[in-house]
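As structure tokens, the structure follows; a few thoughts come after it.
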Amino acid sequence: MKKKFSLGLTIQYGFAIFFMLLFSLPLLFMISSSFKDPQAIFADVKSWRAFFPVGDVNFDQYLGVFDRLPLWQFLFNSIFISAVVVLLGLFVNSLAGYAIARLKFKGQNIILVGLIATLVIPFETIAMPLLVLVNSLPRVGFENGSFELTTGWLNTYLVQIAPFIAWGFSIFLFVQYFKTIPKELDEAALIDGASFFSIYWRIIVPLAGPAFATSAILSFLAIWNAYLWPVMVVQTEALRTVQVGLDYFWASTSEEGTQWGEIMAYSTLITVPIIIVFVIFQRSFVASVASSGVKG
Amino acid sequence: MIKTTRVLLAASLAGVLAITGCAPATNTGEPVKVSMWSHAAGNDQEIATVKEAITDFNASQTSYEVVLEEFPQESYNDSIAAAAASNSLPCIIDVDGPIMPNWAWSGYMQPLQISSTLEESLIAGAKGYYNGELYSAGAWDAALGMLVRKSTLEKVGARIPTVSEPWTLAEFDGLLKAVDATGDYDYAIDWGNGWTGEWYPYAYSPIMQSFGGDLINRDTFESADGAINSDKSVAFGNWFGSTFAKGYANAAQTGDRTEFIAGTIGIQYNGNWAVKDALEALGDDLLIVPPPNFGSGPKIGAGSWQFGVSSTCENAEGANQFIEFILQDKYIVAFANRIGLIPATAAAAAEVPNYAPGGPFAIFVELSNQFSVLRPPTPAYLKISTIYEKAVADIINGANAKQALDAAADEIDADLADNKFYK
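Listed below in structure tokens is the structure:
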């Protein structure tokens with residue numbers, strides 16, 4: 001059967017392709033520039049060549065990245081911290097969301113409003129008090145072959161993870177999504193003798209895949225892109241993350257100058273994990289955004 | 001269900017232990033550890049000399065062991081501020097010269113205790129004083145100059161200026177006009193306005209000072225009104241803005257600054273750290289000349305990265321010993337050879353081929369000695385710097401100079417009042 005030509009569909013696709021290309025341009029610029037030296041980047045910047053790896057392309061910028069900083073260490077740190085925050089965050093925030101959406105207790109709505117209110121507080125305003133707080137907390141450290149109780153969380157993975165596990169936005173997302181799951185399922189399980197945690201674990205969680213995927217992607221992005229907090233609490237290279245690593249390339253007033261090619265190569269390398277995470281969760285992410293109307 | 005819960009709890013506990021157990025161990029054995037932070041992470045050439053000096057120092061005695069931690073320059077100051085707030089400053093820090101008074105005022109630093117002989121041997125731009133006391137000392141300084149092709153000057157019939165007879169304002173105006181009129185260049189001059197941040201006050205406030213203005217009243221350091229917006233400062237603003245309005249300079253310049261070497265810009269205002277490439281590309285055609293005398297003599301900025309001791313350092317003696325050690329001429333020479341900056345002592349300069357008398361960059365030593373002006377040594381400078389940057393950026397983009405500088409004066413004075421004049 002011959003398909004009919006549809007003007008509306010053509011325009012729709014035309015718009016989609018246009019915006020896809022438009023939003024791809026910065027990524028194309030970053031990737032193509034990562035194969036050029038700074039002079040070539042600036043020479044090409046005013047033409048279409050900026051978006052393609054043309055001219056004298058090479059891998060020197062990538063080699064320069066590995067010379068300049070411990071990339072694998074920074075990548076490991078970022079992946080480890082982001083993964084732990086995401087995993088613990090999914091568990092803690094979904095449980096909190098479940099309690100607010102499903103259980104009956106006094107002050108339920110006040111708690112939800114309080115959680116939503118935390119979303120409007122910029123992190124920068126609480127960064128300094130948080131720093132003082134974490135610096136005075138007790139910590140179990142492994143030193144000289146034994147566990148020791150010390151004070152202060154600075155220079156640990158813990159300080160980059162613990163403050164970000166509970167996240168108001170994620171809890172709100174779960175609350176909204178859990179409300180779309182029919183309560184009759186809970187009631188049937190209760191009649192069968194299931195506990196609240198059992199209902200959460202066996203009924204709610206399997207049905208809330210899109211919410212988990214969305215929360216995972218958004219919290220991964222937030223932690224992956226964290227900059228101010230790691231700068232404040234990490235005083236050793238061994239625990240530094242990829243975003244702070246970007247600072248290694250800025251040196252406008254040194255003989256060497258700012259290494260734009262290396263910046264692009266480094267940016268390309270640290271973007272790859274984000275793209276992988278997004279591709280893995282893409283289908284569920286889109287489904288959740290479409291159903292809950294929530295976006296990051 | 002119970003089994004699942006136990007597994008989750010056990011996994012969580014194991015995770016927490018794994019995470020908390022990953023803090024780097026500390027060693028309390030002898031010799032006494034003296035912690036040091038450097039802003040030069042990612043800058044292999046600079047950090048190499050620091051590491052050399054640390055290795056040599058640690059091997060030269062048994063009382064102290066300097067332990068280095070590297071930070072990238074872009075976030076170094078934030079790391080210091082956070083460390084001060086959490087009482088975790090290291091013993092030895094490095095500090096950008098103009099910021100030092102703020103850190104001293106904030107209680108981050110204590111005065112240096114180095115030998116008077118060493119102190120006297122250092123050039124002015126390599127020493128940081130606050131309230132009459134030496135708080136920081138460095139191995140180098142930087143200097144600014146004008147880069148131009150000899151062939152360009154010959155073509156437009158301009159004279160080659162010297163340190164004793166720099167261009168006047170009228171001469172320089174004529175030169176810009178003539179270079180622009182040749183049609184050989186996209187722009188007559190590159191002021192470096194693509195570099196933002198500290199470059200603006202470092203590079204442009206000396207031009208304002210050459211006009212006779214200043215950032216703040218230096219007698220009291222209690223008001224910018226009448227200084228940053230004085231008639232002479234406004235004259236600077238009007239003139240500087242006109243170089244963009246007339247098309248002599250590009251207001252939308254990138255931070256790359258390769259145009260001068262590429263031959264699309266006639267004159268470049270730049271620092272000594274950037275001239276090596278120009279010399280290699282242009283050879284004998286390159287001239288490094290002093291900035292013009294805009295009325296009150298040529299001026300250039302001074303004060304670069306220096307070493308200091310934190311106020312919480314428990315081993316200040318060891319810290320001061322190390323600072324004296326790294327400021328030996330052999331390390332100053334190594335710094336200068338590696339990162340291209342001006343050696344902090346005359347004796348070291350004589351050993352660096354580029355800066356020794358007759359060397360290709362020797363003029364920068366002269367410029368530094370004769371024309372350098374420290375940025376105002378006041379804790380308020382951090383604020384002054386950002387306010388001035390905004391004002392000059394506005395002027396570059398066509399704002400009225402008087403209004404921009406009046407607004408800057410108001411903002412600086414408000415900050416001074418808010419902070420009780422940083423007393």
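Protein chains in written order, with the UniProt record's numbering: chain A, 1 to 296; chain B, 1 to 423.
Where a beta carbon is used, it is the ideal one built from N, C-alpha and C, also for glycine.
Give me the subset of the region 80-92 of chain B whose CB atoms are less than 7 Å from a CB atom of chain A, sorted by chain position.
82, 83, 85, 86, 88
Quick one: grab the DSSP three-state call for residue 168 of chain B.
strand
List the residues of chain B whose Cβ lies closer than 9 Å to the Cβ of residue 250 of chain A, in chain order.
42, 72, 73, 74
With a cut-off of 8 Å, do at least 3 Cβ pairs link the region 225-245 of chain A to the region 74-86 of chain A?
yes
Would you list, in chain order, the members of the region 252-270 of chain B that have their beta-carbon closer than 7 Å to a beta-carbon of chain A?
254, 255, 256, 258
Identity of the residue in B/86, B/356, B/236, B/207 nearest residue 152 of chain A by Cα:
B/86
Three-state secondary structure (DSSP) at residue 181 of chain A?
coil
Compare the Cα-Cα distances from residue 286 of chain B to each of B/90, B/58, B/160 and report the closest residue.
B/160
Among B/346, B/277, B/196, B/367, which residue has its Cα nearest to the Cα of residue 293 of chain B?
B/367
By alpha-carbon positions, which one of B/332, B/275, B/359 ends up nearest to residue 148 of chain B?
B/275
Considering only DSSP beta bridges, list what residue 66 of chain B is partnered with.
B/34
Of all Cβ atoms in chain A, is any one closer than 8 Å to the Cβ of residue 69 of chain B?
yes
In its own chain, which residues sit with a C-beta less than 6 Å from the C-beta of residue 308 of chain B, not counting the 5 before and 5 after it?
93, 95, 109, 135, 136
Simplified DSSP assignment, three categories, for residue 301 of chain B:
strand
Helix, strand or coil for residue 343 of chain B per DSSP?
strand
Listed by chain order, chain B residues near residue 38 of chain A by CB distance under 7 Å:
256
Do residue 139 of chain B and residue 302 of chain B have their C-beta atoms closer together than 8 Å?
no
Counting C-beta neighbours from all protein chains within 10 Å, is the total for residue 190 of chain B 16 or more, i.e. buried, or is it exposed?
buried
Since residue 151 of chain A sits in a beta bridge, which residues does DSSP pair it with?
A/138
Give a yes or no on whether the C-beta atoms belonging to residue 214 of chain A and residue 173 of chain A are separated by under 8 Å.
yes
In chain order, what residues of the same chain have a beta carbon less than 8 Å from the beta carbon of residue 157 of chain A, not counting five sequence neighbours either side?
77, 80, 81, 84, 239
Identify each residue in the region 133-164 of chain A for which the Cβ-Cβ distance to at least one residue of chain B is less than 7 Å, and report them in chain order.
135, 139, 140, 141, 142, 143, 144, 154, 155, 156, 157, 158, 161
Residue-chain proximity (residue 78 of chain B, chain A), Cβ-Cβ < 8 Å:
yes
Considering only DSSP beta bridges, list what residue 133 of chain B is partnered with.
B/130
Determine which residues share a DSSP beta bridge with residue 46 of chain B and list them.
None, per the DSSP bridge assignment.
Chain-ordered chain B contacts of residue 42 of chain A [CB-CB under 8 Å]:
254, 256, 258
Could you work out which residue in B/185, B/202, B/70 is closest to residue 304 of chain B when comparing CA atoms only?
B/202
If you draw a straight line from the C-alpha of residue 221 of chain B to the C-alpha of residue 388 of chain B, how long is it?
16 Å
Run down chain B in chain order and give the residues with a C-beta less than 7 Å from the C-beta of residue 131 of chain A.
82, 85, 86
Please compile the residues from chain B whose C-beta is within a distance smaller than 7 Å of the C-beta of residue 360 of chain A.
Summary: the structure shown does not reach residue 360 of chain A, with chain A confined to residues 1 through 296, and so no result is reported for it.
Give me the residue from A/276, A/202, A/35, A/286 with the minimum Cα distance to residue 63 of chain A.
A/35
Let me check one thing: in DSSP terms, what residues is residue 287 of chain B bridge-paired to?
B/148
Among B/357, B/49, B/406, B/59, which one has its Cα closest to the Cα of residue 237 of chain B?
B/406
Assuming residue 270 of chain B is part of the beta strand (DSSP E), what are its boundary residues?
265-271
Going by the DSSP bridge assignment, what does residue 310 of chain B pair with across the sheet?
B/109
With C-beta atoms as the reference, is residue 193 of chain B less than 8 Å away from residue 251 of chain B?
yes
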